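Quick notes on the structure that follows.
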Amino acid sequence: MRRRRTPNPARVASGWVWVSRFCHCQPDSQQQQSPPRANSANASSPPFSHLTSLPAAGEDHLLRRDPPYSARRDGRQICRREATAAAAAAMPRTLNLLYKVMAEGQDGYFDSSTDSLRVEPIYESFLCPLSKQVMRDPVTIESGATFEREAILKWFKEHGSGGRRLVCPVTNRELSSTELNPSIALRNTIDEWMHRNEAAKLDVARKSLTSDCSEGDILQALDYVGEICQRSRSSRHLVRKVGLISLITDLLKNSSPKVRQKALGSLRFVAKDDNDNKNEIAAGDNIRTIVKFLNHGHTQEKEQAVSLLYELSEYKPLSEKIGSVSGAILILVGLSSSKVENPLTVDRAEKTLENLESCEKNVRQMAENGRLQPLLRLLLEGSSDTQLSMAAHLGELVLSNDVKVLVAQTAGSTLVNIMKSGNREAREAALKALNQISSYDTSAKILIEAGILPPLITDLFTVGSNQLPMRLKEVSATILANIVASGASFESIPLDHNGQNLVSEEIVHNLLHLISNTGPAIECKLLQVLVGLTTSATTVQSIVDAIKSSGATVSLIQFVEAPQREVRMASIKLLNNISPFMGQELAEAFRGNFSQLSSLVRVIADNNGISEEQAAAAGLIADLPPRDSVLTRRLLQDGAFSTIITKVTMVRQGEIRGGRFVNPFLEGLVRIVSRITFILDDDPDIIAVARDYNLTALFTDLLQMNGLDTVQIVSATALENLSRQSKLLTRIVPAPNPGFCFSIFPCLSQKSVATGACRVHVGICSARESFCLLEGKAVEKLVACLDHNNEKVVEAALAALSTLLEDGVDIEQGVMVLCDAEGVNPILDVLCENRNEALRQRAVWAVERILRIDEIAYEISGNQNVGTALVEAFRHGDSRTRQIAERALKHVDKLPNFSGIFSKMGAA
Numbered sequence: 001m002r003r004r005r006t007p008n009p010a011r012v013a014s015g016w017v018w019v020s021r022f023c024h025c026q027p028d029s030q031q032q033q034s035p036p037r038a039n040s041a042n043a044s045s046p047p048f049s050h051l052t053s054l055p056a057a058g059e060d061h062l063l064r065r066d067p068p069y070s071a072r073r074d075g076r077q078i079c080r081r082e083a084t085a086a087a088a089a090a091m092p093r094t095l096n097l098l099y100k101v102m103a104e105g106q107d108g109y110f111d112s113s114t115d116s117l118r119v120e121p122i123y124e125s126f127l128c129p130l131s132k133q134v135m136r137d138p139v140t141i142e143s144g145a146t147f148e149r150e151a152i153l154k155w156f157k158e159h160g161s162g163g164r165r166l167v168c169p170v171t172n173r174e175l176s177s178t179e180l181n182p183s184i185a186l187r188n189t190i191d192e193w194m195h196r197n198e199a200a201k202l203d204v205a206r207k208s209l210t211s212d213c214s215e216g217d218i219l220q221a222l223d224y225v226g227e228i229c230q231r232s233r234s235s236r237h238l239v240r241k242v243g244l245i246s247l248i249t250d251l252l253k254n255s256s257p258k259v260r261q262k263a264l265g266s267l268r269f270v271a272k273d274d275n276d277n278k279n280e281i282a283a284g285d286n287i288r289t290i291v292k293f294l295n296h297g298h299t300q301e302k303e304q305a306v307s308l309l310y311e312l313s314e315y316k317p318l319s320e321k322i323g324s325v326s327g328a329i330l331i332l333v334g335l336s337s338s339k340v341e342n343p344l345t346v347d348r349a350e351k352t353l354e355n356l357e358s359c360e361k362n363v364r365q366m367a368e369n370g371r372l373q374p375l376l377r378l379l380l381e382g383s384s385d386t387q388l389s390m391a392a393h394l395g396e397l398v399l400s401n402d403v404k405v406l407v408a409q410t411a412g413s414t415l416v417n418i419m420k421s422g423n424r425e426a427r428e429a430a431l432k433a434l435n436q437i438s439s440y441d442t443s444a445k446i447l448i449e450a451g452i453l454p455p456l457i458t459d460l461f462t463v464g465s466n467q468l469p470m471r472l473k474e475v476s477a478t479i480l481a482n483i484v485a486s487g488a489s490f491e492s493i494p495l496d497h498n499g500q501n502l503v504s505e506e507i508v509h510n511l512l513h514l515i516s517n518t519g520p521a522i523e524c525k526l527l528q529v530l531v532g533l534t535t536s537a538t539t540v541q542s543i544v545d546a547i548k549s550s551g552a553t554v555s556l557i558q559f560v561e562a563p564q565r566e567v568r569m570a571s572i573k574l575l576n577n578i579s580p581f582m583g584q585e586l587a588e589a590f591r592g593n594f595s596q597l598s599s600l601v602r603v604i605a606d607n608n609g610i611s612e613e614q615a616a617a618a619g620l621i622a623d624l625p626p627r628d629s630v631l632t633r634r635l636l637q638d639g640a641f642s643t644i645i646t647k648v649t650m651v652r653q654g655e656i657r658g659g660r661f662v663n664p665f666l667e668g669l670v671r672i673v674s675r676i677t678f679i680l681d682d683d684p685d686i687i688a689v690a691r692d693y694n695l696t697a698l699f700t701d702l703l704q705m706n707g708l709d710t711v712q713i714v715s716a717t718a719l720e721n722l723s724r725q726s727k728l729l730t731r732i733v734p735a736p737n738p739g740f741c742f743s744i745f746p747c748l749s750q751k752s753v754a755t756g757a758c759r760v761h762v763g764i765c766s767a768r769e770s771f772c773l774l775e776g777k778a779v780e781k782l783v784a785c786l787d788h789n790n791e792k793v794v795e796a797a798l799a800a801l802s803t804l805l806e807d808g809v810d811i812e813q814g815v816m817v818l819c820d821a822e823g824v825n826p827i828l829d830v831l832c833e834n835r836n837e838a839l840r841q842r843a844v845w846a847v848e849r850i851l852r853i854d855e856i857a858y859e860i861s862g863n864q865n866v867g868t869a870l871v872e873a874f875r876h877g878d879s880r881t882r883q884i885a886e887r888a889l890k891h892v893d894k895l896p897n898f899s900g901i902f903s904k905m906g907a908a
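Under the UniProt record's numbering, the very last position in the sequence shown is 908; numbers go up by exactly one each time.
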């Protein structure tokens, strides 16, 4: 506390004005003037209009001509003089405003030691002659004149070029030197003057912010606070000392957007390079309030708020506090990547995030919100503990596929190295992170290039004291399953110096051994590894060979009954993948334990939509040898066919929807049902089943499922099998008595057919009882399939139609049926197209049967394309095809009937 001083009239004359709280001391010219009242005209003047740093235009008379100091510099005396009359004349204007403040109950700048208010005008000597601004760094040149350092240096640069001689800007004296001498005494006096004036102005600002002032007064007060804080750090310290910070932060909740925006801007200036101020601004829930402006404020409020947060984040101790505000980092991350926000707002948000990266907790939050770069940087460059922490957190994140690729490219090699050589804790963290990254095909392939496979295999196969705990082996197995699912060429990726790869027999044997000797979690993942390897056409055969050589078929089938759904599904998918190559081995294993086959049926029968597991189970059973009557009878015993046919009907009618698995599921079901048609021969029980389920009608209907080639192929093949039984199952009706004359002269008789009998099978037929294609309206649908793009569909349809032309039926009537269905020309087209050898063989056989009808042979004999196709078959077909082609050529007179080139090989 300073010693109390009383007003001194002499000092009043010199320009210092002391106004006691209890007596008003004024210059002589105003000694008798009473203070203005609160309702006077002066009362409406803005409270800060007299406190500007510089006089208004035309008010040079407010400048004091001489500063109250004296100093000696380089032998030159600068005299101290008292104030001029002009300065004294300026006092009434200032005092009037101070009286107004006091009349309104505002004491201005209060000095606790003197109990008084003081305000000083600007002295002329404080102003630089060049810039006309108050000097901050006054320097004196050779002529004795004083300037702002920056201004005089600019003068010298601009006026000293071209060899011109320098002169003093004030005296025009020629200068022999450009030496600048700091005017320390003047600078100190200016600083003291500024502090005194700033204190008075800040006190008035405080009064404005604490009272019920108008919006304009509050904005003017905040403007001045911002202005004064930009001058020096000591000014910002003074703002805190007089208690302005808490008043300004309270204004952040003001109802006026202008006030809130101005308060944010003022706080930014208050916080600049002053950590104590930053701490006070961040007190309470102020940070939360500031963050709200980022998401809900107006554009300018948002810009000011993010700039304030940037200033606060420059102080590291506040970084964690800012990051702890719910949603702060997420909002900042959004702003930093925005394409629509103000560029300044985006830049400030980015720089704020960079400051917040000093806190690891913030870095983890940024990673959770999609900003991975800081975490990756710490993972690559941080200490061992930091790397461990970042790797562990990376393993907990849910990453988008693009981010997985970024992480794999940036930190994949580092994580693989930690997995290979780190301690147990570090390896666990690295494995969990790699588990996340490897779940996307592209990032998994990047990890393969980083060398992840050898250490993974080592971790899985190592036993003894150095082996990983089972929970980490499970993670390793999961990563390996992810890697395999990427579809890379594993047969070309060496795992050791011996050149072994993932599909080498020894490696596969070890995987199979591990599957049989671990818990369900690892079993599931290793089964998924084998599923991935058997999905590829280039590696499936190697896996099949290894399974056969290891004798693991029975043990793999056992997992079909596993209580864990994931294990069961992985096992079924694996068996489905290898069933085309191991159908016989799998059938033998299922015959050894029918309960496993029953388990597959139960999976198929599940009514919760259509799952991948159901599709795989259906495909597995469908791939078992179709003529294995033991398995088919077991399926009948389990009621499988009833369930499956019901499922087929429901799918066909759209009552079951299964997304991407519906087609493979339906294909598998149809193939299972078709098993019945392969064991019809001499088995009344199976024939009865086919009749009960009306299979002819079912497969005829399925022929129309365009787009499902497999369903059409299987249906046509099943109809072929059924149609071959028709000639055996048709009920022959005795022909009517021809009469006496016809018995004596048989040449006069005609072939008679019983009324209602089938034209082709010469008996009573039906689609259900004798599986007749004609009665089942299947002929036209089969003919339609002859125009299919898929050669296998065409071949299956032609084979089914050919049953109408076989020995044991009325071939002539069979041909007539084809003519009625407009099927002859499509068959001829199949012959002429010559798509493949198998199709050509069937077409040649069918055409030869058709050409046995003289009228048709005569008509076709002029068809050059048919003749050429038969000649090609005659020249290039196998022996049987050439023999049949020869007979066909004879029918169209392309070969003479007596030309026997080939020895007869029996009836076709």
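Using N, Cα and C, we set each Cβ at its ideal position, and we do this for glycine too. All figures in this text were calculated on a predicted structure; none of them were measured in a lab.
DSSP, reduced to helix, strand and coil, places residue 724 within a helical segment of the structure shown. Residues 621, 622 and 644 of the same chain have their beta carbon placed closer than 6 Å to that of residue 672, with the five preceding and five following residues left out of the count.
Taking residue 180 as reference, the option from 208, 148, 190 and 193 with the minimal CA-CA separation is 148. DSSP places residue 317 in the helix class (H, G or I) of the three-state scheme. Between residue 669 and residue 782, the beta carbon gap of about 21 Å keeps them out of contact (Cβ cut-off 8 Å). Sorting 731, 768 and 788 by C-alpha distance to the C-alpha of residue 760 places 731 at the top.
Residue 380 holds the alpha-carbon nearest to the alpha-carbon of residue 391 among 380, 632 and 878. Remark: C-beta atoms of residue 430 and residue 447 do not approach each other more closely than 8 Å. Taking all protein chains shown into account, residue 133 has fewer than 16 neighbouring C-beta atoms within 10 Å of its C-beta and is therefore exposed. Our two residues, residue 154 and residue 228, have alpha carbons roughly 26 Å apart in a direct line. Beta-bridge analysis with DSSP links residue 140 to 146 and 181. Closest in C-alpha terms to residue 502, from the list 452, 626, 524 and 241, comes 452. In terms of CA proximity to residue 868, 893 leads the group 849, 880, 893 and 856. Burial check for residue 362: the Cβ neighbour count within 10 Å reaches 16 or more, so the residue is buried. Measuring C-alpha to C-alpha distances from residue 618 to each of 603, 150 and 445 identifies 603 as the nearest. For residue 240, the closest alpha carbon among the candidates 279, 223 and 254 is that of 279. Look at the beta carbons and you see the stretch 680 to 694 not touching the stretch 646 to 666: under three pairs across the two are nearer than 8 Å. Burial state of residue 864 is exposed, judged by a 10 Å Cβ sphere holding fewer than 16 other Cβ atoms.
Residue 389 is not a Cβ neighbour of residue 356, given a cutoff of 8 Å. Taking residue 843 as reference, the option from 491, 884 and 508 with the minimal CA-CA separation is 884.
Shown here, residue 452 sits in coil according to DSSP, grouped into three states, outside any helix or strand.
According to the DSSP assignment, residue 532 belongs to the alpha helix (DSSP H) that extends over 520 to 535. Between the stretch 426 to 444 and the stretch 402 to 418, the count of C-beta pairs closer than 8 Å reaches three or more; the two stretches touch. One thing to note: residue 543 has its Cβ no nearer than 8 Å to the Cβ of residue 527. Under DSSP, no beta-bridge partner is assigned to residue 425.
By the CB criterion at 8 Å, residue 365 and residue 322 fall outside the cutoff. Distances from the alpha-carbon of residue 189 to those of 125, 457 and 230 put 125 closest. Rounded to the nearest angstrom, the gap between the Cα atoms of residue 646 and residue 811 is 37 Å.
Apart from the 5 residues on each side of it in sequence, residue 802 sits with its Cβ closer than 7 Å to the Cβ of 842, 845 and 846 in its chain, given in chain order. Counting C-beta atoms within 10 angstroms of its own C-beta, residue 440 has 16 or more neighbours from the protein chains shown and is therefore classed as buried. Taking C-beta atoms under 8 Å as the contact rule, residue 232 and residue 248 fail to qualify, at a distance of about 19 Å. Inclusion of residue 700 and residue 777 in the CB contact set at 8 Å is warranted, their separation being smaller than that value. Rounded to whole angstroms, residue 570 and residue 524 show a C-alpha spacing of 6 Å.
In this structure, residue 600 lies near residue 560, with their beta-carbon atoms less than 8 Å apart. For residue 819, the enclosing alpha helix (DSSP H) starts and ends at 811 to 820. Residue 218 has no beta-bridge partner at all, per DSSP.
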